[in-house]
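Numbering (our numbering), first residue to last: 41 to 226.
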């Protein structure tokens, strides 16, 4: 019996020892697990704070993106207007070049006619040729007006007229302006 009792006591002591060791191990594990739980809660709180901050930043960036998108649409609209205006400018430039060419042509023709008129006015030997070349009944025939006076003339050097100062116009225009026919050259 003694040996049985001794065995029971030794088994009991051994069990108590194991329970104590296990309790100490569980206590250490519990403390370790509590520490890990506290760290996880701290990490969760930090991550939640970071998430909220990132969400707020994302909303701000989304607002800026939307503003920039509206600005981009506005700029595209303006660019379209400018392209249309550029097309108009190119067309107007072409029209201007055409008009400038026509102007230069008319100006050259005018200079040529001025030179012809000047040579005709200085050539006093053939004034009757000019008057006979123009039909008398036409209202668009060329007549000359003196610098002073109220009559129109069929030749640029009629009477006391200075041929260098005589102006050329049409008969209908002279009559419309109140000029009468010169009795000497008609």
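Think of the CB as a built atom: it goes at the ideal place given N, C-alpha and C, for glycine as much as any other residue.
Within 10 angstroms of its Cβ, does residue i collect 16 or more other Cβ (buried), or is it exposed?
i: residue 219; result: buried
i: residue 183; result: buried
i: residue 214; result: buried
i: residue 186; result: buried
i: residue 161; result: buried
i: residue 194; result: buried
i: residue 206; result: buried
i: residue 72; result: exposed
i: residue 55; result: exposed
i: residue 191; result: buried
Specify, as a first and last residue, the run of the beta strand (DSSP E) that residue i falls within.
i: residue 205; result: That residue, residue 205, is in no beta strand (DSSP E); it is neither H nor E in DSSP.
i: residue 226; result: Where residue 226 is concerned, there is no enclosing beta strand (DSSP E), given that its DSSP letter is neither H nor E.
i: residue 188; result: Per DSSP, residue 188 belongs to no beta strand (DSSP E) and is neither H nor E.
Looking only at its chain, what residues have a beta carbon closer than 8 Å to the beta carbon of residue i, apart from the 5 residues adjacent to it on each side?
i: residue 60; result: none
If you drop the 5 nearest sequence neighbours on each side, which residues of the same chain put their C-beta closer than 6 Å to that of residue i?
i: residue 225; result: 193, 194, 195 and 198
Considering only C-alpha positions, which residue in the set the options is nearest to residue i?
i: residue 181; options: 208, 103 and 129; result: 208
i: residue 201; options: 84, 189 and 212; result: 189
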